[in-house]
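This report concerns only the one structure given below.
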Amino acid sequence: MKLHKLATVLAFGLCIFSALANASAAEDRSIRPFTVSIPQAALEDLRRRIAETRWPDRETVDDQSQGIQLAKLKPLVKYWGAGYDWRKAEAKLNTLPQFMTTIDGVDIHFIHVRSKHPNALPLIMTHGWPGSVFELLKTVGPLTDPTAHGGRAEDAFDLVLPSMPGYGFSGKPTETGWGPDRIAQTWAELMKRLGYTRYVAQGGDWGSPVSSAMARQAPTGLLGIHINLPAVVPPEIAAVLAVGGPAPTGLTDKERAAFDALSAGAKMGNRSYATMMGTRPQTIGYAINDSPTGLAAWMLGHPGFSRWTYDNSDPEKSPDEVLDDITQYWLSNSATSAGRLYWEYGGRSVVFAAVERTLEIALPVAITVFPNETYLAPETWARRAYPNLIYFHEVDKGGHFAAWEQPELFSAELRAAFRPLRQDF
Amino acid sequence: MSTASPAPNRRDFLATSATALLATSAGAAAFNFTSSQPAAAAEASSIRPFTVSFPQEEIDELRRRIAATRWPDHELVSEAASRRTSATLAAGDTQGVQLATMQKLIQYWGTEYDWSKCEAQLKSLPHFVTEIDGLDIHFIHVKSSHQGALPVIITHGWPGSVIELLKVIDPLTNPTAHDGTAADAFDVVIPSMPGYGFSAKPTQPGWDPVRIAKAWTVLMKRLGYNRFVAQGGDWGALITEQMALMAPPELIAIHTNMPATIPPEIVKALAAGSPPPADLGPDEKRAYEQVAFFYKFGLGYANEMALRPQTLYGLVDSPAGLASWILDHDADSYALIARSFDGEPEGLTRDDILDNITLYWLTNTAISSARLYWEHRQTAKAGFFDAKGITIPVGVSANPSEIYTAPKSWTERAFPKLLHYGHPPKGCHFAAWEQPKYFTDDVRASFKTLRTA
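Chains A and B supply the protein sequences, listed in that same order. Numbers 1 to 425, taken from this note's numbering, label the letters of the first sequence in order. Numbers 426 to 878, taken from this note's numbering, label the letters of the second sequence in order.
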C-alpha cells in the first residue's frame with residue numbers, strides 16, 4: 001500500500017517535472033527590448049469616453065464616507081479629458097530601458113536600469129494595486145545614481161522594476177494560480193535570466209507579499225528583502241479583528257494604536273474594494289474596463305489615496321501623478337486582470353503574519369514604517385513575525401505609496417537597510 | 426395587462442393639469458423632480474398622476490454606449506464552475522459574471538431588445554407620485570373591481586424595481602381570471618423605493634429601511650386604506666418587517682418571501698464562523714451552510730454598496746458595467762439568468778432582465794439605489810436574515826432557490842403568529858418575477874383568514 005502510493009507520487013512528480021522541463025525547453029528565454037507606443041486612436045477613444053462621462057447624483061454626505069466624492073472626481077476627470085497628456089507619461093517610461101521576456105508562459109514587462117557604479121547591488125522592486133511601475137519611477141535616480149542624490153557610490157543599486165502579471169504592459173495570465181508565490185518564482189527566474197547571482201528584493205502593497213514569498217522560497221542569490229507594508233499582525237490579534245472584537249488587554253501603546261487603526265479601517269470599510277475583487281473581480285471588471293471615470297474612481301478608492309489631493313495644491317501629488325497610473329491601467333486594458341490578484345488570495349489581508357507565513361522566512365528582512373501607512377507596524381510585533389529582522393525604522397514622512405510620495409527618503413531607507421548585506425556581496 | 430382603471434383618489438386630480446404638464450414636458454427628468462418643484466403647484470400631500478416617458482434620444486444614447494462596450498479579457502475559471510448554484514458552489518469556483526453571458530446580453534440589448542414594449546406596459550398601469558417626508562414617492566396603484574378587496578402594499582428590492590412585480594398585479598387584483606375567487610382580490614400598491622425607479626433620489630442621508638417603512642404607512646393611509654397588509658422580498662422584505670415591528674394599527678399582517686428567521690444562537694455561531702451546530706435538523710443545517718457561504722463569498726457587491734456606494738461611478742457610465750453588477754446578486758438567480766441568455770428561459774426572460782436593467786439605466790439610479798445598503802449599515806441593529814421579534818401575523822414563502830431556504834422550525838420561532846408557511850416547488854430570490862403563480866398562491870393563502878372584517 002505504502003509502496004504503491006510512493007510509486008504513484010513519484011510517477012506523478014516525474015510527469016510534472018518532465019512537463020516543466022518541456023515547457024522551459026520550448027519557452028523563448030530571450031530578453032527583448034520594449035518601447036511603449038500607444039496608438040493615437042486609443043488615446044482619442046479614451047478622450048471621447050471621458051468627455052461623454054455620465055455622472056451619478058452627488059453623494060448625500062459631506063465627507064468620503066460614501067466613497068469618492070463627486071466634487072473631487074469631476075475636476076480630475078475634466079483635466080484628464082482636456083489637459084492631460086499621456087505622451088509625456090509614455091516618454092517617462094521610454095527614457096528608461098524597458099524589456100520583455102516570457103516566463104512561465106506570461107510576457108513580463110520590466111524596466112532595467114544599471115548603475116554606472118561598479119559593484120552596484122541588484123534590486124528587484126515590486127509595485128502593488130492600484131499602482132504600477134509609475135509609483136516607483138522617482139526612485140530610479142536616487143537608487144541607481146546615488147552620488148547625484150545625496151548618497152555615496154557604494155550605495156548604488158542596479159534596478160529591476162517588473163510589471164506584475166495581469167498589470168501594465170505585462171501579459172495577462174490565462175489560467176488561475178498566479179498568486180504572490182508564483183510571481184515570486186517568476187521574479188527569481190527573471191533575476192537569474194539577467195545574470196544576477198546576488199540580489200535583494202523590495203515591495204509595498206502587493207509587492208510586500210511577493211517579496212516575502214521570495215524570501216520564504218529563498219532562491220539562490222537572494223540576500224534579503226525590504227518591505228514597507230509588513231505582515232506583522234499576530235494571530236491572536238488577527239482573530240480579534242476578524243470578529244470585530246475589542247482591543248485585547250496588555251498591548252503596548254504602539255500595538256494598541258495599530259490595533260485601533262486596523263479595527264477602525266475595517267469598520268469604516270476600507271477594504272471593501274479588496275472584498276469585491278477577492279470574490280468577483282470579473283463582475284466589477286466590466287464597469288471599470290468600459291468606463292474611464294469608473295476606473296479612476298475605483299482606483300482612487302484605495303485608502304492609500306485618501307490623503308491625496310490630486311488638484312495641483314500639492315505638487316508632489318499632482319493630477320498627472322495619478323493619471324499616469326490610471327491611464328496605464330486603461331490603455332493596457334488591465335483593470336480586470338489586475339483585480340484577479342485579490343481573487344487568487346481569496347480577498348485575505350496581506351498584513352497578517354500567519355497569512356504571509358512570516359515565521360518561515362529565514363533570510364534577512366528589513367522594514368521601514370511610514371507614518372501615513374494604513375497601519376503602523378509596531379516593532380514588537382515585527383520582531384515576533386520576522387525571526388531574522390535586521391532593520392526596523394520609523395520615519396516621519398510618507399504613506400502607503402512611499403516610493404511615490406517620498407522617493408528620496410524611501411531611497412535613503414533602502415540604502416541603510418541593505419548596507420549590511422553588501423558585505424556578503 | 427390590468428383591467429382595473431386608474432382609481433380617482435379622494436384628493437382627485439386637484440393639480441392634474443399642472444403636474445401632468447410638468448411630468449411630460451420635463452421629458453427625461455419627469456421622474457426626477459424634487460419636492461421643491463411640483464410642491465409649488467399643489468399641497469405636498471396631493472397625489473398626482475404620473476406618466477412614464479423617456480425621450481428617444483436617451484434610448485439612442487444607451488444603444489450607442491452598448492455598441493461601444495470595451496470588454497475585459499475572459500475570466501480564468503470554467504463555465505461549469507461559474508454556473509454552480511448555492512447547493513454546490515465552492516470558494517474559487519467563480520470570478521463573477523461570465524464574459525460569454527455578458528456578450529450575449531450586450532448583443533441582444535443593443536440590437537433586438539425593445540424598451541418601448543416595457544414602457545407601453547408601464548404606461549398601461551395607473552402611476553402616481555406623492556410627496557412623503559419631503560421626498561416624491563412614485564407608485565403604481567391598481568384597484569380591484571371586486572368588492573372588499575384587501576389592500577396590499579408590495580415592496581421590491583435591489584437589484585429589482587416595480588418591474589419585478591408587474592406579473593402579479595393582475596392575478597392579485599383580478600383573481601377570477603387567474604384560478605382564484607372574488608374573495609381573493611387585492612387592491613395593489615407598488616411603490617418605488619426612495620432612490621429607485623421613478624421615485625426621487627434623497628439628497629440628504631437618513632432614508633434607511635425604518636424611514637421607508639414609516640413612509641409606506643403614510644402612503645397607505647393617504648390612499649384611504651385603514652386596514653391593509655404588506656408584502657416584500659429582498660429590501661422589500663426588510664422594509665415590510667420594519668412595518669410589522671412598528672405595527673401601526675392599520676397593518677393587520679405581512680407576507681415575506683425572504684423571511685428573516687435565524688435564531689439568536691445561530692446568529693452567534695455564524696458570526697464566529699463556526700461549523701453548523703450538531704443539533705441542527707437537515708433543513709436547518711442546509712440553511713446554515715447557505716447563509717455561511719453567502720456571508721463569506723457572496724456579499725462582495727452588498728459590502729461595496731454598504732461601504733462605498735459612490736465609488737461605483739462605472740455603473741452609471743457603462744451599460745455593461747451596470748448589467749454585470751445587477752446580474753451578480755446571488756448564485757442561483759445568476760445561474761437562472763445566465764441560462765436564459767443561453768436560450769433556456771425558466772421564469773425570467775431576456776426581456777424581463779433587460780427591462781429592469783434599462784429602467785435602472787434610464788433613471789440613473791445605480792448609485793442612488795446602492796445607498797440604501799449604506800443607509801442600512803448606519804442604523805441596522807441586526808443582520809438581514811436575523812429574526813427580529815415580529816409579533817403581528819406573518820405569512821411566508823420559503824423558496825427553494827432563495828439565498829437561504831428558511832426552515833419551518835426557524836420560521837415558527839421567528840413568527841409566533843405564523844399564518845402560512847409556503848414551500849413552493851420552484852423559485853429563486855425574485856419570486857414574484859420568476860414564479861408569479863406560486864407567489865400569488867402563497868399571498869392568497871397567507872391572508873385568507875383575515876378577510877372576514
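Even glycine gets a Cβ: it sits at the ideal position worked out from N, Cα and C.
So that I know if they touch, is there some Cβ in chain B lying closer than 9 Å to that of residue i?
i	result
A/D311	no
A/A416	no
A/R182	no
A/R340	yes
A/N22	With a pLDDT of 44 at A/N22, under the threshold of 50, the modelled position of that residue is not reliable, and no figure is offered here.
A/P173	yes
A/L73	yes
A/G347	yes
A/G294	yes
Compare the C-beta of residue i with all C-beta atoms of chain A and state if any pair is closer than 9 Å.
i	result
B/Q546	no
B/R796	yes
B/D633	no
B/F809	no
B/D420	In the structure as shown, chain B starts at 426 and stops at 878, and residue 420 of chain B therefore has no counterpart that could be examined.
B/F458	Confidence in B/F458 is poor, its pLDDT being 37 and thus under 50, which makes the residue's placement too unreliable to answer from.
I need the DSSP call for residue i, collapsed to helix, strand or coil.
i	result
B/V502	coil
A/Q459	A question about residue 459 of chain A goes unanswered here, because the residues of chain A that appear run from 1 up to 425.
A/Y310	coil
A/R32	strand
A/I111	strand
B/T736	helix
B/D867	helix
B/Y720	helix
B/N651	coil
A/I38	coil
A/E189	helix
B/F872	helix
A/E344	helix
B/K479	In the sequence as presented, Lys is not what sits at residue 479 of chain B; that position holds Phe. Three-state result, B/F479: coil.
B/V819	strand
A/E59	coil
B/P600	helix
B/D612	strand
So the candidates are the options; which of them puts its Cα closest to the Cα of residue i?
i	options	result
A/V232	A/K254, A/V243, A/N333	A/K254
B/A760	B/T519, B/I664, B/Q667	B/T519
B/A857	B/K873, B/K592, B/S743	B/K592
A/H127	A/G301, A/T35, A/L409, A/A402	A/A402
B/L809	B/D753, B/V554, B/F722, B/V716	This sequence places Phe at residue 809 of chain B; Leu is not what is there. When each option's Cα is compared against that of B/F809, the closest is B/V716.
B/A512	B/Y846, B/Y863, B/I828	B/I828
B/P474	B/L550, B/R490, B/R509	B/L550
A/D396	A/T368, A/R383, A/I124	A/T368
Give me the chain A residues within the contact set of residue i, using Cβ-Cβ distance strictly less than 7 Å, ordered along the chain.
i	result
B/R733	Q66, G67, G269, S272, G301
B/T736	G67, I68, A297, W298, G301
B/E556	Neighbours of B/E556 on chain A: none; closest Cβ ~18 Å, over 7 Å.
B/W750	T283, A287
B/W409	Here chain B comprises residues numbered 426 to 878, so residue 409 of chain B is not present and cannot be evaluated.
Below 7 Å on C-beta distance, what does residue i contact in chain B?
i	result
A/I103	The contacting residues do not exist; A/I103 stays about 18 Å from chain B at best.
A/N289	R495, W496, P497
A/R47	Neighbours of A/R47 on chain B: none; closest Cβ ~14 Å, over 7 Å.
A/P248	Going along chain B, no residue has its Cβ under 7 Å from A/P248, so there is no contact; the nearest lies around 17 Å.
A/R54	V741, D742
A/L343	For clarity, residue 343 of chain A is Trp in the given sequence; the question names Leu instead. The contacting residues are Q520.
A/T279	F722, G725
What does residue i reach in chain B if we use C-beta pairs closer than 8 Å?
i	result
A/D57	K626, T628, N789, I792, S793
A/T186	By Cβ distance, chain B contributes nothing, its closest Cβ being about 17 Å from A/T186, past 8 Å.
A/V61	P630
A/M276	G725, Y726, N728, E729
A/A335	P497
Using a cut-off of 8 Å between C-beta atoms, extract the partners of residue i located in chain C.
i	result
B/W583	Considering every chain present, this structure includes no chain C. Its protein chains are A and B.
Anything in chain B within Cβ reach of residue i, meaning under 9 Å, just list it in chain order.
i	result
A/T176	L501, V502, G517, Q520
The stretch 759-772 of chain B contacting the stretch 853-860 of chain B, beta-carbon criterion three pairs below 8 Å: They touch, by the three-pair rule.
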